[in-house]
Every structure is written in C-alpha cells, then in structure tokens.
Amino acid sequence: MSAPTVTALLEGSPAAAAGFQVGDELVSLNGEEPRDVIEYQQLVDAARLDVVVRRPGTELDRRIRVVKAAGQPLGLEVSAAVFDRVRTCDNHCAFCFIYQLPKGMRRSLYLKDDDYRLSFLYGNFTTLTRFTELDAERVITERLGPLFVSIHATDPTVRAAMLRNPRGATSLRWLRVLLDAGIEVHGQVVVCPGVNDGAVLEDTMAGILDQYSELATVGVVPLGLSRFSTEPDMRPHTTEEARSVLSTVTEYQELCRSALGRRLVFASDEYFLMAGQPFPDADAYEGYPQHENGIGMVRAFGEAFDGDPTAAQGVRPGFFAWVDGAPPDGYRAPRAALSPPRRDDAPITVVTGTFGAEVLGPMLAGSGERVRVLAVENRYFGGTIGVAGLLTASDLARALAGEPENHRYLLPDACLSKGVFLDGGTLDDLPRSVEVVATDGLSLRRRLDGTEAPKTGCCTVAVP
600 MSAPTVTALL EGSPAAAAGF QVGDELVSLN GEEPRDVIEY QQLVDAARLD
650 VVVRRPGTEL DRRIRVVKAA GQPLGLEVSA AVFDRVRTCD NHCAFCFIYQ
700 LPKGMRRSLY LKDDDYRLSF LYGNFTTLTR FTELDAERVI TERLGPLFVS
750 IHATDPTVRA AMLRNPRGAT SLRWLRVLLD AGIEVHGQVV VCPGVNDGAV
800 LEDTMAGILD QYSELATVGV VPLGLSRFST EPDMRPHTTE EARSVLSTVT
850 EYQELCRSAL GRRLVFASDE YFLMAGQPFP DADAYEGYPQ HENGIGMVRA
900 FGEAFDGDPT AAQGVRPGFF AWVDGAPPDG YRAPRAALSP PRRDDAPITV
950 VTGTFGAEVL GPMLAGSGER VRVLAVENRY FGGTIGVAGL LTASDLARAL
1000 AGEPENHRYL LPDACLSKGV FLDGGTLDDL PRSVEVVATD GLSLRRRLDG
1050 TEAPKTGCCT VAVP
C-alpha cells in the first residue's frame, strides 16, 4: 500500500499553517494508515491530528500536529483516491469500451476498474463481481451511497455470458443486500443488439421491477462501438431496434409509475436520436437522475439554453461533493480554462460532434445567419462514436483546417481534461483559435448573446 502524497495546499488552511508541503507522503494519521480517501476523510475530520510525514530528500520521518475545529477541512489535496491497490475488473465484456481504445493513449485510460469505492467517489459503474461480505459490511456501516451498478440482464445465464465471468450469474445478490440495507443505488443496462435486447430486455425490465424495485433509477443505454472493436457479435442498433428499445422502456415506465409511483427506468438520449423520435418533456426525466449517463442531457441543455438557469445537472455522488483532499479525477476533473467572452460581430461557429450537431442545429436555427454548427466526424474512434466529449485534437484540426480564419469557434470544454484532448493534443495543435465554453445550454446562450460574465474554470460534462 502506498502512502497518499500531497499534491496541493489551500492557502490559509490548517494544513498550510501546520507546515505541510507539496510532495509530503502521509505515512499515518493518528496512528492509522488509510486505505483510501474515504478513510482519509474520516480521519482528518478530527479536531486534533498527529500526522507522520515522509518528506522527499530527508531520511527521517517527521511528525506534524494539527489543531483545528472538528470537521474543518484540512486543506490539502492528495495524489489518489485509493491508496491500496485499485480493484480491477476481471470481466471480459465484449462491449467494454476500454477494449476498443487505440494504442498510444494515456495509461490511465486503459485502467478497467470494478471498485465500489470508485463507484461511490466518482460515479463509476461496478458489476459487483468482486464485491465481498467485508465490502458489504463497510458500505452498509459507513452508508457509502449512492453506488452505481451495471445490471445488463437479470437472467443469470445471460448476465454471466455478457460479462464472460461465471460470477456474473450470482453477483446481483449483493445488489439485493445493498437495497435491503437502504443504500441508494442507480442501475444501468447496456443494450447489445441480438444479445440482451428484445425479449431479454423485457425480461430484464420485469426482473428489475419484481426483484430490485428499490433501485433509485435504471438507465438503458446503447453500446458504444469504436472502429477498434474486434468482437464480431457487436454491432450498432438499427433504427427499428432503437425504436423497440424505446417502446420497451416506455411500457415499463408506465408499469413502474403504476406500481411504484415513479418511472424508475429511463432511456439514453442516443436512442431517441437513433430512432428519429422526439425527446420527452423535462418532467418525464423526474429531475434528471441519470444526467451524467447521457439520459436527459439534451432536454436539460435545451431548457437551460432557453433561459432556465435551474435546469438540473443530475445526481452527483454525495461523498465526492464535499470530500477534503480527493483528487479531481473522473467527470469532475477540471476540463480547461474557459476563454474570456468576446463581444464582436464576427460570425460564430459552434463546434461539436455529429450527435451534438443533430441537437444544436435545430436549437440554433433562430439565432441568425451569423451562427452555424460545425459537425466534426470522429475518425479517431470511428464506429458509432458521435458525442462531443470524445472529440480529439486530430479530428478537430482536420475539420477546422478549411474553415475561415475570421470566424469565432466555440468549443465545449467537455472535449478536454486538464487542457488535454484524449489523443494527447492541446488547443495549440488546432489550426484555428477556439473559445472554450462551458458545456451547458445557459453558458452557450450567454456566449452567443454576449452576456456571459468572465469565468476561470468549469467541471461540467453535459455533452449534447
């Protein structure tokens, strides 16, 4: 187990006053070695801290004592969310997107985890195939929720086959344990045509309503396919298959409303695009509980674009919303510094993916001739990938190369993580200067209208 390393200090914080430095390794806190940032938070909540620190360039450990108010943030950020070994995934799902990544990307992108702690901290989906009795005891005792669980199918045989793991047939027993204990859990079903759609999907919906009705929500999403997939049985949905999925979800929404008083299951925005069907009204999403899973993003974006500043951004994992010290990984990672607003009459081009263009085109139709949408084809990943959040510098450079130099180009910050695109490129690699804009409808509206106040950063990821 590695000790957490201090990566940042908050000026004026108890940690800064006590003499911590960036690079310090926190060997122990009040005599305990935390396994993860969850235990770390519980320890640093104490009013008195006795921290053993190992400082680079010194041979002896030192003690730093901190006196502060109980619950007051210590004021430092550490290097990882998990200090012992991240629990990696031992499933071999044919639809797993990590298997479909090209070579040469950042090493962290290839980490395939199945760790309930990362589900709690960042909203990652876990299959529970590596979940244990000790894990269940900790989750229930410490009330570690919400958690996010991949279901895919309630039929044990189908689920095991999809995960390519025999434990997939039995691991949903842990879901029942968590729900019995009152832990908030959100579920997900990734639908693969010819595998768990049709009658299997209907059986899964019935199984969820019958066996796991205490779930907070269930998202039904299509598999994503890149051109690097080597699985012969994985293919895109046809239009009719997408419509069939929507029909099944709609049917079970009504059954759940009748039985539970809420819809429970929700279909991904992509299904409506693939099926050529209109998006539901805002109230049909019941507060956008699976917004971060691509469910209701388009409707929330449109509501905000039309002037509703309260348009929901969906559930956020509760612990990470306030944890002191957790590194900003996952979808909360800083995207990029937002460009300062400009107020001139230059033509504006909103740059987005092919899915985003289908949404933004009609939305911006009334903005006048000076505003247009540039749909960027994702050749880097290829396949069915069309969301703005997976655009790369190479595809953007290709698309922008032939564009006029005197236009303003608005780029959603969801494309970037700490200022870097997925292929490692940066804004400096683009042939045109772009303005990085927060990826939400209200920010886009204000940028187009010239009413946006200057900002310094953003962590939103709504990708229309």
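Positions in the sequence shown are counted from 1; adding 599 to them yields the working numbering. Yeah, the Cβ is synthetic: ideal placement off N, Cα and C, and Gly gets one too.
Ranking Q699, E658 and F682 by CA distance to the CA of I984 puts Q699 first. In this structure, DSSP gives E968 a state outside helix and strand, which the three-state scheme calls coil.
When DSSP reads this structure, E624 sits in a beta bridge with T604 and R653. With 16 or more neighbouring CB atoms inside 10 Å of its own CB, E783 falls in the buried class. Non-local beta-carbon contacts of G670 in its own chain, meaning distances under 8 Å to residues more than five positions away in sequence, involve D644 in chain order. Taking the CA atoms as reference points, N690 sits about 10 Å from A760. Sixteen is the threshold: since fewer than 16 other Cβ atoms of the shown chains lie within 10 Å of the Cβ of G781, the residue is exposed. Collapsing the DSSP output to three states places E676 in a strand.
A881 and G875 have their alpha carbons spaced roughly 18 Å apart.
Under the 10 Å beta carbon count, Q641 is surrounded by fewer than 16 other beta carbons and is classified as exposed.
With a threshold of 16 other beta carbon atoms within 10 Å, G901 meets it and is buried.
About 5 Å separates the beta carbons of S867 and G893, which is inside the 8 Å limit, making them a contact pair. For V986, no alpha helix (DSSP H) segment is defined, and its DSSP state is neither H nor E.
Residues A866, Y870, F871, A874 and Q876 of the same chain have their beta carbon placed closer than 8 Å to that of L845, with the five preceding and five following residues left out of the count.
Between the segment 993-1003 and the segment 673-681, the count of C-beta pairs closer than 8 Å stays below three; the two stretches do not touch. Around the Cβ of T951, a 10 Å sphere holds 16 or more other Cβ atoms; the residue is buried.
If you ignore the 5 residues before and after E736, its C-beta comes within less than 8 Å of no other C-beta in its own chain.
Around the CB of R1031, 16 or more other CB atoms lie within 10 Å, so the residue is classed as buried. Between E1034 and S938, the C-beta spacing is below 8 Å. Classified as exposed, K702 has fewer than 16 neighbouring CB atoms from the shown chains inside 10 Å of its CB.
Taking A602 as the centre and dropping the five residues before and after it, the same chain places the C-beta of E624, L625 and V626 closer than 6 Å to its C-beta, in chain order. Counting the other Cβ atoms within 10 Å of the Cβ of N1005 gives fewer than 16, which makes it exposed.
In chain order, A780 and I782 place their CB closer than 7 Å to the CB of I739, counting only its own chain and leaving out the 5 sequence neighbours on each side. Between the alpha carbons of T1038 and A935 lies a distance of about 11 Å.
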